[in-house]
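Here's the structure we're looking at; comments come further down.
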Amino acid sequence: MIRSELIQKIADDNPHLYQRDVERIVNTIFEEITNAMARGDRVELRGFGAFSVKKRDARVGRNPRTGESVEVEEKHVPFFKTGKLLRDRLNGK
Amino acid sequence: MSEKTLTRMDLSEAVFREVGLSRNESAELVESVLGHISDALVEGEQVKISSFGTFSVRGKAARIGRNPKTGEEVPIQPRRVLTFRPSHLMKDRVAAGNKS
Numbered sequence: 001m002i003r004s005e006l007i008q009k010i011a012d013d014n015p016h017l018y019q020r021d022v023e024r025i026v027n028t029i030f031e032e033i034t035n036a037m038a039r040g041d042r043v044e045l046r047g048f049g050a051f052s053v054k055k056r057d058a059r060v061g062r063n064p065r066t067g068e069s070v071e072v073e074e075k076h077v078p079f080f081k082t083g084k085l086l087r088d089r090l091n092g093k
Numbered sequence: 094m095s096e097k098t099l100t101r102m103d104l105s106e107a108v109f110r111e112v113g114l115s116r117n118e119s120a121e122l123v124e125s126v127l128g129h130i131s132d133a134l135v136e137g138e139q140v141k142i143s144s145f146g147t148f149s150v151r152g153k154a155a156r157i158g159r160n161p162k163t164g165e166e167v168p169i170q171p172r173r174v175l176t177f178r179p180s181h182l183m184k185d186r187v188a189a190g191n192k193s
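If you read the sequences in order, they're chains A and P. FYI, the numbering for the first sequence is 1 to 93, going by my numbering. FYI, the numbering for the second sequence is 94 to 193, going by my numbering.
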């Protein structure tokens with residue numbers, strides 16, 4: 001399923017809404033999650049999962065092509081942990 | 094870092110502000126979006142949200158695990174796990190926003 005198919009499903013469920021409003025609704029949700037993580041916040045959606053930001057320490061990496069050492073700066077990466085309910089549903093519980 | 098925790102309420106508040114719907118209906122729509130994503134994943138489908146990321150379901154084989162406390166061996170059944178791969182855009186925005 002891709003973004004446009006998700007929008008279509010929501011639109012089918014809600015015939016009283018304009019398609020463009022459904023698009024705005026879906027886009028707002030994902031935008032809000034990304035914005036929260038860009039601020040360093042967590043987004044906890046019980047039953048579904050939690051989005052958080054993890055810190056990766058600076059390290060000395062290696063250019064795999066040349067074998068040369070390179071300094072990799074500390075950075076922050078997005079992380080998702082599946083919620084219990086969804087994890088159980090994936091396994092037919 | 095501010096380290097606040099947002100919930101469904103914050104997402105429905107954002108929908109409420111963005112589109113002229115009631116708070117109740119905004120909350121229902123947030124739930125419906127999460128529900129459709131979950132249903133697709135449970136069906137084994139991949140969910141690919143452009144400029145956000147990709148949720149995919151992977152099968153894990155059975156293995157012998159160990160209780161870390163007692164050292165006892167325990168069989169772990171084959172199971173399905175969900176992985177989320179953030180898009181480049183999300184990675185860039187999260188990295189830029191949290192730069193010290």
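Heads up, the beta-carbon is just placed ideally off N, CA and C, and yes, glycines get one too. Being a predicted model, the structure only gives us computed values, none of them experimental.
### Task
Please decide whether A/Ala38 counts as near chain P, where near means a Cβ-Cβ distance under 8 Å.
yes
### Beta-carbon contacts of A/Lys81 that lie in its chain and below 8 Å, excluding the five residues immediately before and after
Gly49, Ala50, Ser52
### Message
Within 10 Å of its beta-carbon, does P/Ser131 have 16 or more other beta-carbons around it, so buried, or fewer, so exposed?
### Response
buried
### Message
Cutting at 8 Å between CB atoms, please list the residues of its own chain near A/Asp57, excluding the five before and the five after it.
### Response
Glu74
### Task
Could you check the C-alpha separation between P/Val135 and P/Ser105 for me, to the nearest Å?
24 Å
### Query
What residues from chain A crowd round P/Thr163, counting only those whose CB sits closer than 8 Å?
Those do not exist, as P/Thr163 stays about 24 Å from chain A at its closest Cβ, beyond 8 Å.
#### Entry: Exposure label - P/Asn160; buried when at least 16 CB within 10 Å
exposed
### Task
Can you give me the start and stop residues for the beta strand (DSSP E) that P/Glu166 sits inside?
166-169
### Message
Going by C-alpha to C-alpha distance, which of P/Val150, P/Glu118, P/Arg101 sits closest to A/Ala36?
### Response
P/Arg101
### Message
Under 8 Å: do the region 109-118 of chain P and the region 19-28 of chain A share three or more Cβ pairs, one atom per stretch?
### Response
yes
### Task
Just mark A/Lys54 as buried or exposed, buried being the case when its beta carbon has 16 or more other beta carbons within 10 Å.
exposed
### Query
Counting only beta-carbon atoms, is P/Met183 nearer than 8 Å to chain A?
yes
#### Entry: Distance CB(P/Arg178)-CB(P/Gly146) smaller than 8 Å
yes
### Query
Can you name, in chain order, every residue of its own chain whose Cβ lies under 7 Å from the Cβ of P/Ala133, other than the five neighbours on each side?
Val140
### Message
I'd like the list of long-range same chain contacts for P/Ala155, defined as Cβ closer than 8 Å, with 5 residues on each side in sequence excluded.
### Response
Pro168, Ile169, Gln170, Pro171
### Message
Using a Cβ-Cβ distance cut-off of 8 Å, determine whether P/Glu153 contacts chain A.
### Response
Looking at the sequence itself, residue 153 of chain P is Lys, so the reference to Glu does not match. No, P/Lys153 does not count as interfacial toward chain A.
### Message
Suppose contacts are defined by Cβ-Cβ distances below 8 Å. Is P/Leu175 in contact with P/Val150 by that definition?
### Response
yes
### Query
Name the chain P residues whose beta carbon is nearer than 7 Å to that of A/Asp13?
Ser125
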